[in-house]
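Counting the sequence shown from 1 gives a position; the working numbering is that position plus 21.
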Amino acid sequence: FVLGRFRTVTGHSWTAFVRPYEDYSLSQLISKVEFDLSPDNHATKGTVEINSEPFEVSRWSLHAFDIAITIHLTSKRRFTLRHWLCLSQSGGWSTTKNSTQVTTR
Numbered sequence: 022f023v024l025g026r027f028r029t030v031t032g033h034s035w036t037a038f039v040r041p042y043e044d045y046s047l048s049q050l051i052s053k054v055e056f057d058l059s060p061d062n063h064a065t066k067g068t069v070e071i072n073s074e075p076f077e078v079s080r081w082s083l084h085a086f087d088i089a090i091t092i093h094l095t096s097k098r099r100f101t102l103r104h105w106l107c108l109s110q111s112g113g114w115s116t117t118k119n120s121t122q123v124t125t126r
């Protein structure tokens, strides 16, 4: 799209998801997944809560950012993953920030 008269801005479509390695349902293990899009993403603020499969969210963004994904298990436990969502032109991994942190509660 065009901002003003002279500047064209291009962005990236992306999807973050929680999926099993093999083809089976996660609904007996996972009650909901929360995608926190606000840590570094100024274009899309807030948390998106998904209560059934597929546990995924798709958006559009101008830049890479840190995304927090909280997985709520049916056993009432939950854990949070923080992942650097890379939006490079090639679709490759980012070398700027490459760690994924896991916190359990």
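Glycine included, every Cβ here is placed at the ideal spot set by N, Cα and C.
Asked                                                                                                                                                       : Found
Give the straight-line distance between the Cα atoms of residue 48 and residue 74, rounded to the nearest whole angstrom.                                   : 7 Å
Scan the stretch 75 to 112 and note each continuous alpha helix (DSSP H) run of 4 residues or more that stays entirely inside, going in chain order.        : none
With distances taken from CA atoms, which of 39, 43 and 96 is nearest residue 102?                                                                          : 39
Check the C-beta distance from residue 70 over to residue 97 and give it rounded, since I have them as a contact under 8 Å.                                 : About 16 Å separates the two Cβ atoms, so there is no contact after all.
Please classify residue 94 as buried or exposed, where buried requires at least 16 neighbouring CB atoms within 10 angstroms.                               : exposed
Using the rule of at least 16 other Cβ atoms within 10 Å of the residue's Cβ for burial, across every protein chain shown, is residue 56 buried or exposed? : buried
Could you check the C-alpha separation between residue 87 and residue 34 for me, to the nearest Å?                                                          : 15 Å
Going straight from the alpha carbon of residue 37 to that of residue 79, what length do you get?                                                           : 7 Å
Is it true that the CB of residue 68 sits closer than 9 Å to the CB of residue 59?                                                                          : yes
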